[in-house]
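Okay, so here's the structure we're looking at.
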Amino acid sequence: MQHDEHLFRHEFGRLVSALTRIFGLQNVALAEDVVQDTFCRALEVWKLRGVPENPSAWLMTSAKNRAIDLLRRERAERNLLPQLGGALESEWTLVSTVNDVFDVETIADDELRMIFSCCHPELSESTQIALTLNVFCGFTANEIAAVLLSKRAAIEKRIERGKKALAASERLFDLADEELPERLRAVQRVIYLLFNEGYHGASPKAAIRAELCREAMRLGSVLLDRELVATPSSYALCALMAFHAARLRARINGSGELVSLFDQDRSLWDTELIARGVRLLEHAATGSDASEYHLEAAIAAVHCAAPSAEATDWRQIVWLYDMLMRVAPSPVVALNRAIAISYRDGPEEGIAEIRAIAESERLASYPFYSAALGELEMRTGNVAEARRQFEAAVTLARNATERRFLQSKVAVLSR
Amino acid sequence: MSEFIYLYRGGSRPESPSEGEKVMQSWVAWLQDLGANGHLKDRGQPLEGEGKVVRNKRTITDGPYAESKDIVAGYTVVEAKDIAQAADLASGCPIFDRGGFVEVRPVMQM
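Which chain is which? The protein sequence lines are A and B, in order. Once you know that position 120 of the first sequence is 120 in our numbering, the rest is easy, because the numbers rise by one and skip nothing. Once you know that position 1 of the second sequence is 1 in our numbering, the rest is easy, because the numbers rise by one and skip nothing.
See below:
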């Protein structure tokens, strides 16, 4: 009895989106309740009778029936949905209207609109992320707090704020098609941040964090399903995620420790995901627009194509970082560029580049700034300075995994 | 071998899709295990939480009889050597993870 182990979570966004089309954005909570009820019923039946042949269809029919029941009751009582539309008022049209909403293509479109709604332009990025995880991916406040390493109360506040904003913007769900591309950047950004949270926030709970990467990839694939927003940059973003995800397995070793790109066992890289990344990147290579996602994906592709750290095409990587500095400059990009230069030209050149980074004070609390200097000093043979840098990095570590990783470097240098 | 009925009582609902997925997986695994070891006679049926209680022709009331925490949510028919084994097999039921319990009742013999 093989079935998608994340079936409920994957269906959650679809069903909430469809029900939101019926109940309106101001009633997202109601849509969520109906879906949650549907899942609980499914669970009761399936756990004894077994998972049906087509669980998605089962869930959809069940959700549809619950929605119709609820709308019939509402017609009489009117406390939840005072603004019930005409087609839902009449028994003649109610069932066919609800059926139309659950049509496969309509659902796909509504899924997209739900994601765009969660990435409401008036909300902060962190609120957009929490809201997307809650409304679209079905994570509870507790689960979101766990994956984002945040406090439950803070997450609850964000979700509440987000839902209020949704309720106040009824039109959002009905954005005209032309408006979608304008909002696309914000949506891509949320997907990107979500993925990064999962990828970089390596923690002892690495397994849950990998789920964030999976959710981000799933959101990305929703974009690719719709021509309107399946732009070259959306393809590039999905390529980037595929390349990074391919290395996920090698990033944490058997004892849960972080392994740097240079020390990873490359035979653990997922060749299927790399191949998918390559195909997506080919799709992305249309048009003249080279977004930061294109460049980051290209850099990741070069790494994925290299049999070892030494055999990496560093010339190409430095060139891509130069481009990235033009499109989306940031101190972290500059730092990575400097590291690439150290592999192309030598550690001294790398150190000089790091020291020359403008706004390096913004990197002051970033442990991998000191760690990079430490690594390069070590390569020049300056052990004392290398150790000092790693010690500084240890004090900045953001979680236990990072701390142990950096401490192991100090230990090596102290021998 | 004798027959026994497991009455599943109570238990809280999962709070999120991923919790639901976990509950689902543990039940599927547990029943599969019972089946693989030749103990599963009839997977049984889940029951609605609401119904009627009929005491006689005149007295028909809403709702199940039991307190909500003890409501029978479903049943399964198993085969076991004796009640001790049936009870022992039930101790692996995932219902305990969510605060429910299993009532094991022997089917009366001729």
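Virtual Cβ for every residue (Gly too), placed ideally from N, Cα, C.
Alpha helix (DSSP H) containing residue i: first to last residue?
i	result
A421(A)	Here chain A covers residues 1 to 415 and nothing more, so residue 421(A) does not appear.
G20(B)	17 to 36
K47(A)	28 to 49
P331(A)	331 to 345
Y321(A)	314 to 327
Y369(A)	367 to 380
A386(A)	383 to 396
I95(B)	That residue, I95(B), is in no alpha helix (DSSP H); it is neither H nor E in DSSP.
F116(A)	104 to 118
F95(A)	Just to set this straight, residue 95(A) is Val in the shown sequence, not Phe. 91 to 101 is the span of the alpha helix (DSSP H), which, as asked, contains V95(A).
T271(A)	271 to 284
E125(A)	125 to 131
I144(A)	141 to 147
E292(A)	292 to 305
Report buried or exposed for residue i, applying the criterion of at least 16 other Cβ atoms within 10 angstroms of its Cβ.
i	result
W46(A)	buried
S12(B)	exposed
Q389(A)	buried
I83(B)	exposed
D229(A)	Reading the sequence as shown, one finds Val at residue 229(A) and not Asp. With 16 or more Cβ atoms within 10 Å of its Cβ, V229(A) is classed as buried.
G44(B)	buried
R185(A)	exposed
N27(A)	buried
Q2(A)	Only weak support exists for where Q2(A) lies, its pLDDT of 48 falling under 50; the coordinates are left without a value.
T395(A)	exposed
I60(B)	exposed
A202(A)	Residue placement at A202(A) cannot be trusted, given a pLDDT of 49 that sits under 50; what the coordinates show is reported in the next sentence. Under this definition A202(A) is a buried residue.
S414(A)	exposed
L406(A)	buried
S255(A)	exposed
D62(B)	exposed
F96(B)	exposed
K409(A)	buried
P46(B)	buried
M110(B)	exposed
L149(A)	exposed
R387(A)	buried
Q128(A)	buried
T132(A)	buried
T231(A)	buried
E48(B)	exposed
G35(B)	exposed
A57(A)	exposed
P94(B)	buried
M108(B)	exposed
Q32(B)	exposed
R247(A)	buried
V54(B)	exposed
R21(A)	buried
Can you tell me the Cβ-Cβ gap for residue i and residue j, rounded? I've got them flagged as a contact below 8 angstroms.
i	j	result
S234(A)	Q188(A)	7 angstroms
V102(B)	Y8(B)	6 angstroms
P124(B)	V28(B)	This structure does not reach residue 124(B), given that chain B is present from 1 up to 110, and the question cannot be answered.
L261(A)	L295(A)	Contact flag wrong, Cβ pair sits at about 17 angstroms.
P10(B)	G99(B)	Rather than Pro, the amino acid found at residue 10(B) in this sequence is Gly. Right, the Cβ-Cβ distance comes to about 6 angstroms (below 8 angstroms), so this counts as a contact.
S17(A)	R171(A)	Their Cβ separation, rounded to whole angstroms, is 16 angstroms, which puts S17(A) and R171(A) out of contact at 8 angstroms.
E292(A)	L324(A)	6 angstroms
S18(B)	E143(A)	7 angstroms
A167(A)	L25(A)	6 angstroms
For the beta strand (DSSP E) that contains residue i, what are its first and last residues?
i	result
D419(A)	Only positions 1 to 415 of chain A appear in the structure, and residue 419(A) is not among them; the question remains open.
V410(A)	It is not in any beta strand (DSSP E) - V410(A) instead sits in the alpha helix (DSSP H) that spans 400 to 414.
V54(B)	52 to 54
Y6(B)	2 to 9
Q45(B)	40 to 46
V78(B)	72 to 80
E103(B)	101 to 106
D265(A)	Counting along the chain, D265(A) falls outside any beta strand (DSSP E), and DSSP gives it neither H nor E.
D289(A)	Where D289(A) is concerned, there is no enclosing beta strand (DSSP E), given that its DSSP letter is neither H nor E.
- Could you tell me whether the segment 156 to 167 of chain A touches the segment 2 to 15 of chain A, using the rule of 3 or more Cβ pairs below 8 angstroms? no
- Task: Just list the alpha helix (DSSP H) runs in the segment 160 to 237 of chain A, keeping only unbroken ones of 4 residues or longer that don't cross its boundaries, in chain order.
- Result: 179 to 200, 206 to 224
- Does the count of Cβ pairs from the segment 110 to 125 of chain A and the segment 172 to 185 of chain A closer than 8 angstroms reach three? yes
- Task: Please confirm if the segment 276 to 283 of chain A is in contact with the segment 324 to 338 of chain A, defined as three or more CB-CB distances below 8 angstroms between the two stretches.
- Result: no
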